[in-house]
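Here the structure is laid out as C-alpha cells; the discussion comes afterwards.
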Amino acid sequence: MIKSYIWTFVNRFLHYFLIASFSLAYLCVYFDALITFHFIFGILFGAGVLLRVIWGFVGTKYSRFSDFEFRGILSYFASILGEKKHYIGHNPASSVAIVLIFVLGLITILSGMLTIGAEEQRGIFGYLFFEYRYFEIFEDLHEFCANALLAVILIHICGSLIDKFWNKNDSIDSMISGYKRTNQEENITLSLTQKVIFGFYLAFLFVLILYLFYPRNVFLRPFEREIFASQDLKEYTKECGSCHIAYASYLLPKSSWDSMMSDLENHFGEDASLEQESQEVIAKFLQQYSSDSVDTKFSSKIAKESDSNKIAITKYHYWEVAHDKIKPALFEMEEIKSKANCQTCHKDAESGIFAKSAIDYAKLKSLKKELQDSKL
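Right, here's the structure in full:
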C-alpha cells in the first residue's frame with residue numbers, strides 16, 4: 000500500500016478546533032469564575048460545528064456527507080476486535096459518531112443560549128428572562144446533550160485507539176499528517192473555491208474571537224428590557240433605595256410585600272415609615288410586579304417552597320442553597336455586614352438578575368482569604 004494525502008489542512012484544523020473549544024467549554028463550567036469563558040468557548044464550538052457542517056456539503060472528497068459510509072455498521076461493530084475492511088474515508092462507526100456530534104453539538108449550543116437568556120437575561124434570547132417557566136427545561140436539555148456529546152466523543156476516541164493499536168490502522172495518524180494508506184495513489188487537493196471558503200472560515204473565526212471579548216457583543220450582552228412603570232419605579236427607588244439597594248420587586252411574592260408594607264414601623268428593626276401617598280404608590284408597584292406576576296428563575300423557585308411568605312429574601316431555601324458554599328462568618332465581615340448586602344459581590348444585584356457571570360469572583364476570593372487570614 001502507498002500513502003495518499005486524504006485529509007487536507009481544513010479537515011484537520013476543524014477537527015482539532017472542535018476538540019479544543021468543546022474541551023475548554025466543558026472544563027470551564029466547573030469553575031465559577033470562568034463561567035464567561037464557558038459561554039465564549041461554547042459559542043466558538045457552535046461556530047466550529049456550523050462551519051464543519053457547511054464543509055460537509057462543499058468540502059473535499061471524503062469530507063462530504065455524501066461520502067460517509069453508513070452501510071455495514073452492525074457488522075463493523077460485530078468485528079470490532081477482528082479483521083475489518085479498510086476505509087479510505089470515514090468508517091461506519093466514525094460516520095455515525097460525526098453525525099451524532101454535529102446534532103448533539105447544535106442542540107447543546109442552542110439550548111445553552113436559551114438558558115443564558117432565560118436565567119441571566121443575556122444574549123440574543125435575553126428577552127426570555129421574564130418567561131422562565133416556559134424555558135427552564137432547556138437547562139436540563141443543555142446539560143444532558145453536553146454529557147451525551149462527551150460520551151459520544153469518548154467512545155469515538157476509544158474506537159480510534161482500538162483501530163490504531165489493535166487493528167494497526169492509521170486513522171489517528173492521518174488526522175495528524177493528513178496521509179493515509181491506500182491501494183492506489185489518491186491525493187486530495189483543494190479547489191480554488193474551497194481555498195476561498197476556508198480563507199473566509201479563518202477570517203470569520205478570528206473576527207468572532209475578537210468580538211466575543213467585546214463586553215457588549217450580541218451573544219453575551221445584558222438584554223435591556225423595561226417592564227416596570229417608570230414613575231412608580233422612580234418612587235420606589237427614591238424612598239427604599241435611600242437606605243439599601245432597591246431590591247427587584249419580583250424577588251418576593253405579593254403576600255410578603257403586603258406584610259412588609261403594612262408594618263414599616265418595624266422594618267427589620269428600623270422605623271421606615273413613609274408618607275401615605277408614597278406608601279400607596281410603592282405598595283401598588285410591588286404588588287403589580289411581585290414574583291406572582293413576573294416570571295423569573297428566582298420567582299419560579301421560591302413559588303415551589305412550602306413557606307413562600309417570608310419577607311426576607313435570604314430566608315428562602317433557594318437562596319440558602321445558592322450560598323451554601325459560603326461560610327456564615329463571611330457575611331459578618333466589615334465589607335459585607337449583612338446577608339442583605341447582595342451588591343457587595345453581585346454586580347447586578349439591584350436588577351434582581353443575579354447572573355453567575357456578574358459575580359465579582361475576585362472580590363469574593365479576596366474576602367474569603369481575608370477571613371481565613373483573620374483566623375490564623
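Per numbering that gives the first Met the number 0, the very first residue in the sequence shown carries number 0; after that it's consecutive.
Note that the Cβ used here is the ideal one computed from N, Cα and C, for glycine as well.
Next item on the list: Give a yes or no on contact between the stretch 242-256 and the stretch 134-151, applying the rule of three or more CB pairs nearer than 8 Å.
Entry: no
Note to self: Can you list, in chain order, the residues of its chain with a C-beta nearer than 6 Å to that of Leu-43? Leave out the 5 residues immediately preceding and following it.
What the structure shows: Taking the sequence shown and counting its residues from 1, the one referred to as residue 43 is at position 44. These residues qualify, in order along the chain: Ser-20.
Margin query: On the criterion of 16 or more Cβ atoms from any shown chain inside 10 Å, does Ser-110 qualify as buried, or is it exposed?
Written below: Along the sequence shown, one-based indexing puts residue 110 at 111. Buried, since its Cβ has 16 or more Cβ neighbours within 10 Å.
Margin query: Looking only at its chain, what residues have a beta carbon closer than 6 Å to the beta carbon of Asn-168, apart from the 5 residues adjacent to it on each side?
Written below: As a working note, residue 168 is residue 169 in the sequence shown. So the list reads Asp-162, once near-sequence residues are dropped.
Note to self: Here's the rule I'm using: 16 or more other beta-carbon atoms within 10 Å means buried, otherwise exposed. How should Ala-150 be labelled?
What the structure shows: As a position in the sequence shown, residue 150 is number 151, starting the count at 1. Ala-150 comes out exposed.
Checklist line | Lys-179 versus Asn-166: straight-line alpha-carbon distance, rounded | finding: What you label residue 179 is simply residue 180 of the sequence shown in a count that begins at 1. What you label residue 166 is simply residue 167 of the sequence shown in a count that begins at 1. As the crow flies, the alpha-carbon of Lys-179 is around 15 Å from that of Asn-166.
Checklist line | Segment contact, 8 Å Cβ cut-off, at least three pairs: the stretch 326-339 with the stretch 357-369 | finding: Counting Cβ pairs under 8 Å, three or more are found: they touch.
Checklist line | Supposed close pair Thr-181, Ile-87 - CB separation, criterion 8 Å | finding: Here residue 181 corresponds to residue number 182 of the sequence shown, with the count starting at 1. Here residue 87 corresponds to residue number 88 of the sequence shown, with the count starting at 1. With a beta-carbon spacing of about 6 Å, Thr-181 and Ile-87 fall inside the 8 Å limit used to define contacts.
Notebook entry, point to check: CB Leu-160 to CB Phe-137, shorter than 7 Å?
Noted result: Counting from one through the sequence shown, the residue named residue 160 turns up at place 161. Counting from one through the sequence shown, the residue named residue 137 turns up at place 138. Not in contact: Leu-160 and Phe-137 (Cβ atoms no closer than 7 Å).
Item checked: Assigned secondary structure, Arg-180 (DSSP; H/G/I helix, E/B strand, else coil) -> Here residue 180 refers to the residue found at position 181 of the sequence shown. Arg-180 falls in the strand class under three-state DSSP.
Notebook entry, point to check: Should Ser-93 go down as buried or exposed, given a rule of 16 or more other Cβ atoms within 10 Å for buried?
Noted result: Counting from one through the sequence shown, the residue named residue 93 turns up at place 94. Looking at its Cβ environment, which holds 16 or more other Cβ atoms inside 10 Å, Ser-93 is buried.
Note to self: Can you tell me whether Lys-2 is helix, strand or coil according to DSSP?
What the structure shows: In the sequence shown, the residue the question calls residue 2 occupies position 3. The answer is strand: DSSP assigns Lys-2 an E or B state.
Notebook entry, point to check: Taking the alpha-carbon positions, what's the Leu-49 to Leu-105 distance?
Noted result: The count along the sequence shown starts at 1 and reaches residue 49 at position 50. The count along the sequence shown starts at 1 and reaches residue 105 at position 106. Approximately 8 Å between the Cα atoms of the pair.
Checklist line | For Asn-308 and His-316, the rounded distance between their alpha carbons | finding: Residue mapping note: residue 316 aligns to position 317 of the sequence shown, counting from 1. Residue mapping note: residue 308 aligns to position 309 of the sequence shown, counting from 1. Each residue's Cα considered, the two are about 12 Å apart.
Margin query: My output table needs one value for Asp-294: the three-state DSSP class, helix, strand or coil.
Written below: Here residue 294 refers to the residue found at position 295 of the sequence shown. Looking at Asp-294 - three-state DSSP - the assignment turns out to be strand.
Next item on the list: Pair every Cβ in the stretch 21-33 with every Cβ in the stretch 52-66, then say whether three or more of these pairs are closer than 8 Å.
Entry: no
Notebook entry, point to check: In whole angstroms, what separates the C-alpha of Ile-115 from that of Ile-358?
Noted result: As a first step, residue 115 is located in the sequence shown; it is residue number 116 there, counting from the start. As a first step, residue 358 is located in the sequence shown; it is residue number 359 there, counting from the start. Linking Ile-115 to Ile-358 through their CA atoms gives a straight-line distance of about 15 Å.
Note to self: Can you find the residues in the same chain that come closer than 6 Å, C-beta to C-beta, to Leu-17, ignoring five residues on each side of it along the sequence?
What the structure shows: Against the sequence shown, residue 17 aligns to sequence position 18. Excluding residues within five positions, the ones whose Cβ falls inside 6 Å are Gly-47.
Check: Where Val-98 and Tyr-29 are concerned, what is the direct C-alpha to C-alpha distance, given to the nearest angstrom?
Finding: Working through the sequence shown from its first residue, we reach residue 98 at position 99. Working through the sequence shown from its first residue, we reach residue 29 at position 30. In a straight line, the C-alpha of Val-98 is about 27 Å away from that of Tyr-29.
Next item on the list: In the DSSP assignment, find the unbroken alpha helix (DSSP H) run with Ala-361 in it and report its ends.
Entry: Your numbering for residue 361 matches position 362 in the sequence shown. Here the alpha helix (DSSP H) through Ala-361 covers 360-373.
Check: Which residues in the same chain as Glu-184 place their Cβ atom closer than 8 Å to its Cβ, once the five residues preceding and following it in sequence are excluded?
Finding: Along the sequence shown, one-based indexing puts residue 184 at 185. If we look at Glu-184 and ignore the five residues flanking it on each side, its Cβ neighbours are Ile-1, Ser-3.
Notebook entry, point to check: Rounded to whole angstroms, how far is the Cβ of Ile-281 from the Cβ of Gln-120, which I believe are closer than 8 Å?
Noted result: Within the sequence shown, residue 281 is the residue found at index 282, counting from 1. Within the sequence shown, residue 120 is the residue found at index 121, counting from 1. A Cβ-Cβ separation of about 24 Å leaves Ile-281 out of contact with Gln-120 under the 8 Å criterion.
Next item on the list: Alpha carbon to alpha carbon, how far is Asn-340 from Pro-327? Give it in angstroms, no decimals.
Entry: The residue given as residue 327 occupies position 328 in the sequence shown. The residue given as residue 340 occupies position 341 in the sequence shown. So the two alpha carbons sit approximately 13 Å from each other.
Notebook entry, point to check: What did DSSP end up calling Arg-220 once you bin it into helix, strand or coil?
Noted result: Residue 220 sits at position 221 when you count from the first residue of the sequence shown. Three-state result, Arg-220: coil.
Margin query: Please report the distance separating the alpha-carbon of Tyr-200 from that of Tyr-213.
Written below: As a first step, residue 200 is located in the sequence shown; it is residue number 201 there, counting from the start. As a first step, residue 213 is located in the sequence shown; it is residue number 214 there, counting from the start. Distance between the alpha carbons of Tyr-200 and Tyr-213: 20 Å.
Next item on the list: With a 10 Å radius around its C-beta and 16 neighbouring C-beta atoms as the bar for buried, classify Glu-319 as buried or exposed.
Entry: Counted from its first residue, the sequence shown places residue 319 at position 320. Under this definition Glu-319 is an exposed residue.
Next item on the list: Give the DSSP bridge partners of His-322, in chain order.
Entry: In the sequence shown, the residue the question calls residue 322 occupies position 323. The partner list for His-322 (beta bridge, DSSP) is empty, contrary to what the question assumes.
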